[in-house]
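S.K.:
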Amino acid sequence: MAERRWLRLRPARKEDADALYALARQTGGGLTTLPADRAVLERRVSWSLTSFAKQPGEAGEDYYLFVAEDPATGAVVGTTGIFARVGLSRPFYSYRLLHLTQVSNNPEKVVHTRLLQLVNDYAGATELGTLFLHPDWRGGRFGALLSKGRFVFMKAESWRFSDKVMAEIRGWLDENGDSPFWEAIGRHFFDMPFLEADRLSGMGNSQFIADLMPKFPIYTNLLPEAA
Numbered sequence: 000m001a002e003r004r005w006l007r008l009r010p011a012r013k014e015d016a017d018a019l020y021a022l023a024r025q026t027g028g029g030l031t032t033l034p035a036d037r038a039v040l041e042r043r044v045s046w047s048l049t050s051f052a053k054q055p056g057e058a059g060e061d062y063y064l065f066v067a068e069d070p071a072t073g074a075v076v077g078t079t080g081i082f083a084r085v086g087l088s089r090p091f092y093s094y095r096l097l098h099l100t101q102v103s104n105n106p107e108k109v110v111h112t113r114l115l116q117l118v119n120d121y122a123g124a125t126e127l128g129t130l131f132l133h134p135d136w137r138g139g140r141f142g143a144l145l146s147k148g149r150f151v152f153m154k155a156e157s158w159r160f161s162d163k164v165m166a167e168i169r170g171w172l173d174e175n176g177d178s179p180f181w182e183a184i185g186r187h188f189f190d191m192p193f194l195e196a197d198r199l200s201g202m203g204n205s206q207f208i209a210d211l212m213p214k215f216p217i218y219t220n221l222l223p224e225a226a
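Counting along the sequence shown from 1, when you hit position 180 you're at 179 in numbering that gives the first Met the number 0, and nothing is skipped either side.
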């Protein structure tokens, strides 16, 4: 009979920075909220500790970082986090999918088109992020512990969070670490590979997005199929 394994989910501590950095280096890129930058991760842990120490009435643009710990060894094998309110001190960008119907009488033709519009719709919302589990611990519903454990905390400490909750889904990368969507749009405006742009964004620098991203809608039928 296989030995049963357990994980403990707890708030991150300062001494977890090295373990978090080791996990971040295994993500392969594209996980914006877990950058492989030790200094950034140390600041995230400090930010989290400050957030946990707040009292009712003090909630704001806070961040809560948890780690999954093996009780048998004390090893940190996963992490997950919550951004209490995004887009308050700096913009939070996303694309809204719009639908456009155009009609021609001569010749008779109806065309349905989808467009992507850059927006700040989620200002003030709570974002779920920073979820990563060491490959050796995947399976056994440990990933569900990291994901759903956040909701237990949010229910118990609801005053810390917004009524609107959202999450960004990690996009698909090819075997070269490139994002087809980025290659079709972002590279033309930023002149940098996706992983570099992702690294800058993960470090808290989103101003370059505001400065360089196209403001007009993007017609999805002009994008390649892979994007």
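Ideal Cβ placement from N, Cα and C applies to all residues, glycine included.
Note that this is a predicted model, so its numbers are computed, not measured.
1) Fully enclosed by the region 0 to 52, which beta strand (DSSP E) runs are 3 residues long or longer?
2) Would you mind stating whether Trp136 and Val85 have Cβ atoms separated by less than 9 Å?
3) Figure out for me which residue from Val102, Leu99, Gly59 has the closest Cα to the Cα of Leu87.
4) Where do the ends of the alpha helix (DSSP H) carrying Lys154 lie?
5) Given that a residue counts as buried once 16 or more other Cβ atoms are within 10 Å of its Cβ, and exposed if not, what is Tyr218?
6) When burial is assigned at 16 or more other CB atoms within 10 Å of the CB, is Leu6 buried or exposed?
7) Give me, in chain order, the residues of the same chain whose beta-carbon lies closer than 6 Å to that of Leu222; leave out the 5 immediate sequence neighbours on both sides.
8) Under a Cβ-count criterion, where at least 16 other Cβ atoms within 10 Å of its own Cβ denotes burial, should Pro106 be classed as buried or exposed?
9) Please report the Cβ distance between Gly80 and Gly128, rounded to the nearest whole angstrom; I am assuming they are in contact, meaning their Cβ atoms lie under 8 Å.
10) Quick one: residues in its chain with C-beta nearer than 8 Å to the C-beta of Ala166, no 5 flanking neighbours on either side, listed in chain order?
11) Which same chain residues, not among the five before or five after Gly142, have their C-beta less than 6 Å away from its C-beta?
12) Starting from His133, follow the beta strand (DSSP E) in both directions and report where the run begins and ends.
13) Around the Cβ of Trp158, are there at least 16 other Cβ atoms within 10 angstroms (buried) or fewer (exposed)?
14) Within its chain, find whatever has a CB closer than 7 Å to the CB of Phe51; leave out the 5 residues flanking it on each side and keep chain order.
15) Is it right to say Glu145 is buried, meaning 16 or more other beta carbons lie within 10 angstroms of its own, or is it exposed?
16) Suppose you measure from the CA of Arg24 to the CA of Met191; what does that come to, to the nearest Å?
17) Of all Cβ atoms in chain B, is any one closer than 9 Å to the Cβ of Lys53?
18) Rounded to whole angstroms, how far is the Cβ of Arg4 from the Cβ of Gly138, which I believe are closer than 8 Å?
19) Report the CB separation of Tyr92 from Ile208 in whole angstroms; it is logged as a contact under 8 Å.
20) Quick one: is Pro70 buried, meaning 16 or more other Cβ sit within 10 Å of its Cβ, or exposed?
21) Indicate whether Thr78 and Leu114 have their beta-carbon atoms separated by less than 9 Å.
M.R.: Concretely, from the data shown:
1) 7 to 10
2) no
3) Gly59
4) 141 to 155
5) exposed
6) buried
7) Ala183
8) exposed
9) For Gly80 against Gly128, the beta-carbon gap comes to about 6 Å, under 8 Å, which counts as contact.
10) Excluding residues within five positions, the ones whose Cβ falls inside 8 Å are Glu126, Leu127, Gly128.
11) Leu132
12) Per DSSP, His133 belongs to no beta strand (DSSP E) and is neither H nor E.
13) exposed
14) Pro10, Tyr63
15) In the sequence under discussion, the amino acid at residue 145 is Leu, which differs from the Glu named in the question. Leu145 is buried by the Cβ-count criterion.
16) 21 Å
17) In the displayed structure, chain B is absent; only one protein chain is listed.
18) About 10 Å separates the Cβ atoms of Arg4 and Gly138, ruling out a contact at the 8 Å cut-off.
19) 5 Å
20) So Pro70 counts as exposed.
21) Not closer than 9 Å, so no.
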